[in-house]
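To start, the structure under review is shown below, and the notes come after it.
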Amino acid sequence: MEQYPQSPLMGQMMSRPLLISAIIEHADRNFGGNEIVSRRVEGDIHRYTYRDCHRRAKQLANALTKLGVKMGERVGTIAWNGYRHLEAYYAISGSGAVLHTINPRLHPEQIAYIANHAEDQYILFDITFLPLVEAFAAQCSSVKGFILMGDADRMLATTTIPNLMCYETLIAENSPDYAWPVFDENAASSLCYTSGTTGNPKGALYSHRSTVLHSYASAMPDSLNVSARDTVLPVVPMFHVNAWGLPYSVPLTGAKMVFPGPALDGKSVYELFEAEQVTFSAGVPTVWLGLLNYMVQNELKFSSFKRTVIGGSACPPAMMKAFQQQHNVEVVHAWGMTEMSPLGTCGTLQSKHLALSAYAQQAILEKQGHAIFGVDMKIVGDDGAELPWDGKTYGNLLVRGPWIISSYFRNEGGDVLVDGWFPTGDVATIDADGYMQITDRSKDVIKSGGEWIGTIDLENIAMSHPAVLQAACIGVAHPKWDERPLLLVVKKPGAEVTREALLAFYEGKIAKFWTPDDIAFIDALPIGATGKILKNKLREQFKDHVLPTA
Ligand code: ADP
Numbered sequence: 029m030e031q032y033p034q035s036p037l038m039g040q041m042m043s044r045p046l047l048i049s050a051i052i053e054h055a056d057r058n059f060g061g062n063e064i065v066s067r068r069v070e071g072d073i074h075r076y077t078y079r080d081c082h083r084r085a086k087q088l089a090n091a092l093t094k095l096g097v098k099m100g101e102r103v104g105t106i107a108w109n110g111y112r113h114l115e116a117y118y119a120i121s122g123s124g125a126v127l128h129t130i131n132p133r134l135h136p137e138q139i140a141y142i143a144n145h146a147e148d149q150y151i152l153f154d155i156t157f158l159p160l161v162e163a164f165a166a167q168c169s170s171v172k173g174f175i176l177m178g179d180a181d182r183m184l185a186t187t188t189i190p191n192l193m194c195y196e197t198l199i200a201e202n203s204p205d206y207a208w209p210v211f212d213e214n215a216a217s218s219l220c221y222t223s224g225t226t227g228n229p230k231g232a233l234y235s236h237r238s239t240v241l242h243s244y245a246s247a248m249p250d251s252l253n254v255s256a257r258d259t260v261l262p263v264v265p266m267f268h269v270n271a272w273g274l275p276y277s278v279p280l281t282g283a284k285m286v287f288p289g290p291a292l293d294g295k296s297v298y299e300l301f302e303a304e305q306v307t308f309s310a311g312v313p314t315v316w317l318g319l320l321n322y323m324v325q326n327e328l329k330f331s332s333f334k335r336t337v338i339g340g341s342a343c344p345p346a347m348m349k350a351f352q353q354q355h356n357v358e359v360v361h362a363w364g365m366t367e368m369s370p371l372g373t374c375g376t377l378q379s380k381h382l383a384l385s386a387y388a389q390q391a392i393l394e395k396q397g398h399a400i401f402g403v404d405m406k407i408v409g410d411d412g413a414e415l416p417w418d419g420k421t422y423g424n425l426l427v428r429g430p431w432i433i434s435s436y437f438r439n440e441g442g443d444v445l446v447d448g449w450f451p452t453g454d455v456a457t458i459d460a461d462g463y464m465q466i467t468d469r470s471k472d473v474i475k476s477g478g479e480w481i482g483t484i485d486l487e488n489i490a491m492s493h494p495a496v497l498q499a500a501c502i503g504v505a506h507p508k509w510d511e512r513p514l515l516l517v518v519k520k521p522g523a524e525v526t527r528e529a530l531l532a533f534y535e536g537k538i539a540k541f542w543t544p545d546d547i548a549f550i551d552a553l554p555i556g557a558t559g560k561i562l563k564n565k566l567r568e569q570f571k572d573h574v575l576p577t578a
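The opening residue of the sequence shown carries number 29 in our numbering; numbering runs sequentially from there.
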C-alpha cells in the first residue's frame, strides 16, 4: 500500500475509521422503520425493516464468532439478492471477516478453484444452489462447514455436503447483543473474482475504506442519485461486484430496498416494480431487454419507475430511447469494472447542456459519462503518452482512485499498475467536458488495414433497427485487411430483415469501411456469468467464417 509524507501540522479531527458496520448502524438509528422487501427463494414475499436487518446481522456475527471465524478470514456466499444475503454482507464484513461473494453462474470447477484460492472458511448458500454446492463441496479443502440460508424444515437429511448447518437455527441460537469491532479502515472487507474470460479468475479485494467512499460517491445526484424518498430494486446481483455497491449506498441513504430474489424474468420483475412502487433500479442491458420485451408484448406501463442506471456493457441507444420515450424512465449510462468497486463514470447533463436540442443532449447521454469524484481517468497511446480530451482521439483508458485495485488478491498477475494507474483494458475517447466514451474493449477492437474499428457503434446501429433484438460484432480473419467485421444478429420474435437490408441500414450512419462485411443470423448469443456477450466464444465459433469477396 502506498505511503504518503506526514505534514508537520496534522488536522485535529477525529480519525474514526470508515467501516461498513457504520452503514447498517446508521440505517437502524435513522431509518430503522424503513422497509426491506424480498421475493424469497421460498416463493413468498418477505418484509421487515432496517432495524430487523441490523438485529439479525448482529446475531449472525455472534454465530460466526462462535464458529471460530477470525478477522481477515474469508466467508463465502452463493446467494440471490435477498434479506439474508444483506444480513451476511454486514455480519461478515462488520465483524472483521471478509465477505467472498461467489457467482453461481460459474462452472462448479471454477467455483471450487476460487473457494480454494480464497481459502473460504464457511460458505453460506441459498437453497436453489444446493445441487451446485453438492457438485463442488468435496473439492473445497479450507471450508469447515456450509450454511443453508433457510429455515430448519428445509434442511436435508440426505446430502453429500459436509457439515451442513441451518442459517435460521444459527440466528435463533445467538443473541443480538454484539458490538461491531472498530479497526483500521484499510482492512479487507469483501472479495470478488473477475470472471476471467482468459486464464484463472483473479480476486479484487475491497477494503472498508474503499467501500464506504464508493458508497458516498455512488449515491450522489449525478451518480446513482439515491435518496430516502426512493424505493430501490437492485437487479444487479449481490453475487457479483457487490451489486454495484447498492447494498451499502441504499441503507446509507435510508431508501426502501426491494430484492427480486431468483425471479429475474420480465413478468416477475415488472410485477415487483408495480407492487412495491419501485422508483430506481440498476442492471445490465441483457436483463432490461427481457423486461422491455415483456412490457411491449403485454402493452404495460410503469406507474412509479423513474430512473435506472444501465452499465456492465454498453447500453444500446435504442434501449435508452425505449425507456425514455415509451416509459418516461430516465436512463443513466454508467461504466465501471470489478476492479473499480465498480463505479467509474455516470452520464448526466450539466446546466449548460439544458438549452441544447434533444438530439444533442441524447448524444451526450449515450456516452459512458464523466468520472465521479474519486476516480481519475486518462487515455494514453500505445507508447504510454497521454492523449487529448477532444472527443475524437481514442486510446487505452487508465484510472486511479481510492476504490480501484492496486493489486489482485494474493498478488495474482503480479504488478498490475502502470506508474500508479490501473489499465482498464478499454479503449475510449474523452471529450473536452470530461465525458468518456468506450469505443471497445481492447481485445474486441477489430484491426482492419491498420485502422481500428470499434464494435460497440456497429452493434448499436444494428440494434436501432426495428427487427433486431441483439447484435454482436466480431473481427474475422481477412487476407487483405487482417480482420473485417462480421455482425451476428438475433432477430426479434416474428420480425424479418434480410442481410442486404441490414447492410443498407448502415449507409450514411458510419464510415463506409466500418460497415460489416457480412451478417449471420443466429438464434441466440452466448451470455457469460455476468450477463455479457461472450465474444471469445463467438470468435471461436465463427473463426472459419468465409467473408464474401467484394
Ligand atoms: P466481469 O463482470 O466480466 O468480471 P467487469 O464487470 O469488471 O467484468 O467488466 C468490466 C468491463 O465491462 C469494462 O472494462 C468494460 O469493457 C465493460 N463495460 C462496463 N460498463 C460498460 C459500459 N457502460 N459500456 C461499455 N462497456 C462497459
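The beta-carbon is built from N, C-alpha and C at its ideal position, and this holds for glycine as well.
These numbers were taken from a predicted model, which means no experiment stands behind them.
For this session: Return the chain-ordered list of same chain residues with a C-beta closer than 6 Å to the C-beta of Y221, the five sequence neighbours on each side being excluded.
Result: Spatial neighbours of Y221 in its own chain (CB-CB distance under 6 Å, excluding positions within 5 residues in sequence) are listed in chain order as I142, P229, G231.
For this session: Check whether the Cβ atoms of R67 and P262 sit closer than 8 Å, and answer yes or no.
Result: Their beta carbons are not under 8 Å apart, which means R67 does not touch P262 by this criterion.
Exercise. Secondary structure at F437, three-state DSSP: helix, strand or coil?
Worked result: Of the three classes helix, strand and coil, the one that applies to F437 here is helix, per DSSP.
For this session: Using only alpha-carbon positions, find the residue among A500, G556, S492 that is nearest to V20.
Result: Lying outside 29 to 578, the shown extent of the chain, residue 20 is not represented and no answer is given.
For this session: Kindly give me the distance between the Cβ atoms of T281 and A245, rounded to whole angstroms, as I take these residues to be in contact under 8 Å.
Result: Rounded, the Cβ-Cβ distance is 13 Å, inconsistent with contact.
Problem set entry | Pair within 8 Å by beta-carbon distance, N321 and G340 | No, they are not a contact pair.
Problem set entry | Contacts around H493, its chain only, beta-carbon distance under 8 Å, and the 5 residues preceding and following it disregarded | Counting only Cβ-Cβ distances below 8 Å, and skipping sequence neighbours, we find V525, L530, F533.
Exercise. Any heavy atom of the ligand ADP within a distance shorter than 7 Å of the CB on R567?
Worked result: Because no heavy atom of the ligand ADP lies under 7 Å away, the Cβ of R567 does not count as near it: no.
Problem set entry | Collapsed DSSP secondary structure at P513 in the structure displayed | If DSSP states are grouped into helix, strand and coil, P513 belongs with the strands.
Exercise. So, are the CB atoms of R112 and I155 less than 8 Å apart?
Worked result: Contact flag unset, no.
For this session: List the residues that DSSP assigns as beta-bridge partners of A499.
Result: In the DSSP assignment, A499 is bridged to V517.
Exercise. DSSP three-state call for A125: helix, strand or coil?
Worked result: Note: A125 maps to coil in three-state DSSP.
Problem set entry | Start and end residues, alpha helix (DSSP H) containing H573 | No alpha helix (DSSP H) contains H573, which DSSP labels as neither H nor E.
Exercise. How is the beta strand (DSSP E) around W108 delimited, first residue to last?
Worked result: Membership of W108 in any beta strand (DSSP E) is not indicated, and neither H nor E is assigned to it by DSSP.
Exercise. Since Y206 and N90 are thought to touch, with beta carbons under 8 Å apart, how far apart are those beta carbons, to the nearest angstrom?
Worked result: Confirmed, Cβ separation roughly 5 Å.
Exercise. What residues are listed by DSSP as bridge partners for D219?
Worked result: Asp is not the amino acid found at residue 219; the sequence shown has Leu there. The partner list for L219 (beta bridge, DSSP) reads H128, L233.
Problem set entry | beta-carbon R469 near the ligand ADP non-hydrogen atom, thresh 7 Å | It does: the Cβ of R469 is within 7 Å (strictly closer) of some heavy atom of the ligand ADP.
Exercise. Are the C-beta atoms of V357 and some chain C residue less than 8 Å apart?
Worked result: This model lacks chain C altogether, as it is built from one protein chain only.
Exercise. According to DSSP, is Y422 helix, strand or coil?
Worked result: In the structure shown, Y422 sits in coil (DSSP, three-state: anything other than H, G, I, E or B).
Exercise. The ligand NAP heavy atoms versus the CB of S341: any closer than 7 Å?
Worked result: Because the ligand NAP does not appear in the structure shown, any question about it cannot be addressed here, the ligands present being the ligand ADP.
For this session: Please go through the same chain and pick out, in chain order, the residues whose beta-carbon is closer than 7 Å to the beta-carbon of G364, but skip the five residues on each side of it.
Result: The residues are G339, P370, L371, G372.
Exercise. What do you reckon, is the C-beta of P370 under 7 Å from a heavy atom of the ligand ADP?
Worked result: Correct: P370 has its Cβ closer than 7 Å to the ligand ADP.
Problem set entry | Range of the contiguous beta strand (DSSP E) that encloses D404 | Its beta strand (DSSP E) spans residues 404–408.
Exercise. Going by Cα to Cα distance, which pick from P544, G536, N488 is closest to L515?
Worked result: Distance check between L515 and each of P544, G536, N488 places P544 closest, using alpha-carbon atoms only.
Exercise. Between the C-alpha atoms of V360 and K329, what's the straight-line distance to the nearest angstrom?
Worked result: Distance between the alpha carbons of V360 and K329: 20 Å.
Exercise. Looking only at its own chain, which residues have a Cβ that is under 6 Å from the Cβ of Q498, when we skip the five neighbours before and after it?
Worked result: Counting only Cβ-Cβ distances below 6 Å, and skipping sequence neighbours, we find V518, L553.
For this session: Return the CA-CA distance between L566 and I538, expressed in angstroms with no decimal places.
Result: Each residue's Cα considered, the two are about 24 Å apart.
For this session: Return helix, strand or coil for C81, following the three-state DSSP convention.
Result: The answer is helix: DSSP assigns C81 an H, G or I state.
Problem set entry | Same chain only: Cβ atoms within 7 Å of K172, ignoring 5 sequence neighbours per side | Same-chain partners within the cutoff: Q149, Y150, N191.
For this session: Could you tell me which residues DSSP pairs with F287 in its beta bridges?
Result: The bridge partners DSSP lists for F287 are S66.
For this session: Select from P416, L92, P159 the residue whose C-alpha is nearest the C-alpha of P136.
Result: Here the closest residue by C-alpha is P159.
Exercise. Beta carbon of A116, beta carbon of L152: below 8 Å?
Worked result: The Cβ atoms of A116 and L152 sit closer than 8 Å to each other.
Exercise. What number of angstroms, rounded off, separates the C-alpha of G60 from the C-alpha of P279?
Worked result: One C-alpha to the other measures close to 10 Å.
For this session: Within its chain, find whatever has a CB closer than 6 Å to the CB of A55; leave out the 5 residues flanking it on each side and keep chain order.
Result: Excluding residues within five positions, the ones whose Cβ falls inside 6 Å are Y78, P279.
For this session: Using 10 angstroms around the beta-carbon of G110, count the other beta-carbons present and answer buried if the total reaches 16, otherwise exposed.
Result: The residue in question, G110, is buried, as its Cβ has 16 or more Cβ neighbours within 10 Å.
For this session: Could you check the C-alpha separation between K406 and T105 for me, to the nearest Å?
Result: For K406 and T105, the distance between alpha carbons rounds to 35 Å.
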